[in-house]
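Read the structure below first, then the notes.
Chains as they are written, first to last, in the numbering used here: chain A, 739 to 964; chain B, 896 to 1707.
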């Protein structure tokens, strides 16, 4: 078995309020191989999004071990984590989280500006992505001028423009109606076929069906692996 | 750099999307940056800029005479010679007239008034300036009195009067009726070391020609203090070392000349526009800069508060940026670029505001009796100052929001829109700081307004309304002690005959001109010489009637009080009370000491005049003595005319004087009110500046309070809806919201009041008797702030009462 792309051991997270400790994640052991399409499912409050944000290195307040592409994230300083995150991870948000004051093209360009990509190369990558997602005609529009599905399309394009190793998607279709949702999931399927590892959090069994593995969370524990 | 361009583009776009915010920010910053730039210009011109044409001004010092350890005054010519010859600390010591003197420059058809300064032969050489044409004075010019009838003219006079004649050197001119030769022209812009701008310079040994009515004893008498010294420090010599040597020299002079130099010392200070007064000028200008800095602080706090509020709304955007790879430094850079872009229009507008502020400031200064060479124009240094201030203020204002937004851990921000308590506290602090700063400014403005009000209501002891002044120096027209009084008498007779003239008189000193006149030490027969200072005035008999100063006992002066008749005097109430308590002063005698070797003169008191204000409106009661013009002729004379037609009478008097003596120039014409206003310039400027800035600051603080309260209401919509659903009435919601806003206002008022109370003592000397903790000023400022704060909270508070629970909770 090749080395997992993502490997976690006993990831735990809790917070204390008024003397009471509330556990969000308990003893999460997880291995995700390169090229997998994994869906994390479970009821509300199970800790799905929290786990995803830990994998995406948006949250540094946890215990356990986390290895990404062979690098021990739990041992890295913040600066090195940021570098690792930029190199390997693309994140898709449930609420798209496009920057309202930037055009579609500028939103796509933003991750590249944080990765020291030269201007000419940035322009080329943005043009390529606009073409690939067939949104060239919308490149000068602002997010408020797009539909939800179009915004999420741009969100996905933004997540992959820097060619990440893994895409983490937090309820990517949660705010879309079913037709739009299907289009997004088909897109994920295509990306996965091209070799991109995808980990999504979803409530939808239909969405989970696009992947090849499901991990069930409940009350912070992994209760099943399908 | 390329990513900064993207940040720059976004910053401009964000500004254009919020035009109202951008405009408000730009205007408030324009006022703050403009005010500071204007004050910097004043400080630069008065304190920092080297006088034009003077080399290495930082190595030059003024040397003044102290009396019993204090003061900084003129010294005598013999003392100057001793200092010059004995000192080893200076490479050159010069002497000069501090204030240029009016002189008559003869020309065909009449005479022009010019202002000339007397200087030693080495003056130009020590200052390091050069001639624009011809030559300047040198050490090889004769030093004997009257032996060097040469003059150096200013570049301005050369341009204005001589059309830049290239052959100016060697040309003859008549000054005060005496022939002089123009040696050369000073370089453009050169005016000497003081704030005045003489039209020409004469060698000191030509003093008899420059001041015809004064005796040549000025060059030999150690008791005649009339010149200011200056010097250049030798390389490697510090001011401290030089002062030590001067202290030693002054001790030698006191031993060698115990009568003339008793109690005298020498003090050296860095070169200043007003010698020996750098510290008070620095303090006054420093006060103005503090006031303007407060305005900028208020503007910056206002903007920082709004940026913090906007930051709260942009937390999610920043969290997304961090989530997709932005480092903290990149977020901070982006926020700072946005802030500096926000500040730039304010800086540009600020320069325009600075120019307008300087124009207004200059309008507060009445016409001065001497030509002043300092101008307050916006130059390159002021522009650089404004630019630097813009960047610094922008960085400081944007730093807190930038640092707050750039904190790692975007996870919470991506899922929650709640503003953190810490952010709220920071905004509260900003609002309190704005209110406190506004209160300080308002209190300062109120204190100076009260001082001006006191001055306006103060009884000067005479009727100043409708008095026009025409100033003359009879010596410029060739008059002496014998012919001068005759001319004055004839002039007054003819002035009184002008139809619009109600009454006219003449005096040596103009009341409330902040000047004094001393005519020698006074002694009461059989007693010790008077130690308390006595001011004098030399007046025409109609003086008391024209100025409506009541005579309380005895008589006024009359035609019998002429040369040869017994010398008489009129004292004021204070003098009568102090010298002859409980006695009738009429008939009492005073001995007036003259120069060494002269017999003292006996003055008999013939009348007691009511107390008046003599130098300034804020002065304490002082002893004052009047003597008749006929018995004590002086060349400098002010004709005081009571009339309802000032322009017409002034023109008529000018024509009259020209017809009586075409060589006698009129030095100045001004109303007594304008003349008295000069002494109140610091108060007027302080009141105008702090009052205006206080009002602006309060407006900005009100905007801050409004914004904060509105933000808090928006954030508490759910809570307010629940309270309403549970039974809270509109009054309950209103008072809840108002209490929150007014708590900040109250805290700011208290803090500002405490700061003003502590700092007010520094300005006590300028308040004309108004206490620095004047309760009226403090109360008025506090009430105004509270009222404005209440108004600012009112609108969002009323909006809060209109929240409908069903709508608000359904939205949740």
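Each residue gets a CB set at the ideal place from its N, CA and C atoms; glycine is no exception.
- For residue 1470(B), no beta strand (DSSP E) run applies; the uninterrupted alpha helix (DSSP H) run containing it begins and ends at 1468-1474, by DSSP.
- Taking a contact as a CB-CB distance under 8 Å, the pair residue 1498(B) and residue 1367(B) does not count as one, their CB atoms being some 26 Å apart.
- If you look at residue 986(B), you'll find it isn't in any alpha helix (DSSP H); it sits in the beta strand (DSSP E) that goes 985-991.
- At a beta-carbon threshold of 9 Å, none of the residues of chain A lie near residue 917(B); the nearest stands roughly 14 Å away.
- For residue 912(A) and residue 775(A), the gap between their C-alpha atoms comes out near 18 Å.
- For residue 1124(B), there is no enclosing alpha helix (DSSP H); the enclosing beta strand (DSSP E) covers residues 1123-1128.
- Secondary structure at residue 934(B): helix, using DSSP grouped into helix, strand and coil.
- Any Cβ of chain A closer than 8 Å to the Cβ of residue 1212(B) would place that residue at the interface, and such an atom is present.
- When 9 Å is used as the limit between beta carbons, residue 909(B) is near these residues of chain A: 839, in chain order.
- A check of alpha carbon separations from residue 1123(B) across 959(B), 1507(B), 1140(B), 1386(B) identifies 959(B) as the nearest.
- With a threshold of 8 Å between beta carbons, residue 835(A) makes contact with chain B.
- Per the C-alpha coordinates, the member of 1172(B), 1481(B), 901(B) positioned closest to residue 1446(B) is 1481(B).
- Residue 950(A): not part of any alpha helix (DSSP H); DSSP gives it neither H nor E.
- Per DSSP, the unbroken alpha helix (DSSP H) holding residue 1599(B) starts and ends at 1576-1610.
- Taken atom to atom, the span from the alpha-carbon of residue 901(A) to that of residue 861(A) is near 15 Å.
- DSSP places residue 903(A) in the coil class of the three-state scheme, outside both helix and strand.
- Residue 829(A) belongs to the set of residues whose beta carbon lies under 8 Å from a beta carbon in chain B.
- Listed in chain order, the alpha helix (DSSP H) elements of length 4 or more contained wholly in the segment 1176-1227 of chain B are 1210-1218.
- The Cβ atoms of residue 1396(B) and residue 1534(B) do not sit closer than 8 Å to each other.
- Under a criterion of Cβ atoms nearer than 8 Å, the residues of chain A adjacent to residue 912(B) are, in order, 839.
- In this structure, the alpha-carbon of residue 839(A) lies about 22 Å from that of residue 872(A).
- Pairwise C-beta distances place the segment 1360-1375 of chain B out of contact with the segment 1667-1685 of chain B, as fewer than three of them are shorter than 8 Å.
- The residue among 1245(B), 1255(B), 1205(B), 1223(B) with its C-alpha nearest the C-alpha of residue 1234(B) is 1205(B).
- Boundaries of the alpha helix (DSSP H) harbouring residue 822(A): 816-826, taken from the DSSP string.
- With 16 or more other CB atoms across the displayed protein chains lying within 10 angstroms of its CB, residue 931(B) is buried.
- Our two residues, residue 977(B) and residue 1117(B), have alpha carbons roughly 11 Å apart in a direct line.
- Taking 7 Å as the upper bound on Cβ-Cβ separation, chain B lies near residues 849, 851, 852, 853, 857 of the segment 849-872 of chain A.
- Here the segment 1433-1445 of chain B makes contact with the segment 1390-1409 of chain B; the two share three or more CB pairs at distances below 8 Å.
- With respect to chain A, the C-beta atom of residue 1087(B) has no partner C-beta closer than 8 Å.
- Leaving aside the five residues that flank residue 1021(B) on each side, the residues in its chain whose CB is nearer than 6 Å to its CB run, in chain order, 987, 989, 1127.
- For residue 1300(B), no Cβ of chain A is located within less than 8 Å of the residue's own Cβ.
- Nearest in C-alpha terms to residue 1589(B), of all of 979(B), 1028(B), 1247(B), 1340(B), is 1340(B).
- Cα atoms of residue 1179(B) and residue 1268(B): separation of roughly 20 Å, rounded to the nearest angstrom.
- In the three-state reduction of the DSSP assignment, residue 791(A) falls in the helix class, which pools H, G and I.
- Around the beta carbon of residue 1249(B), 16 or more other beta carbons sit within 10 angstroms, so the residue counts as buried.
- Contacts between residue 905(B) and chain A, judged by CB atoms closer than 9 Å, involve 837, 839, 840, 844 in chain order.
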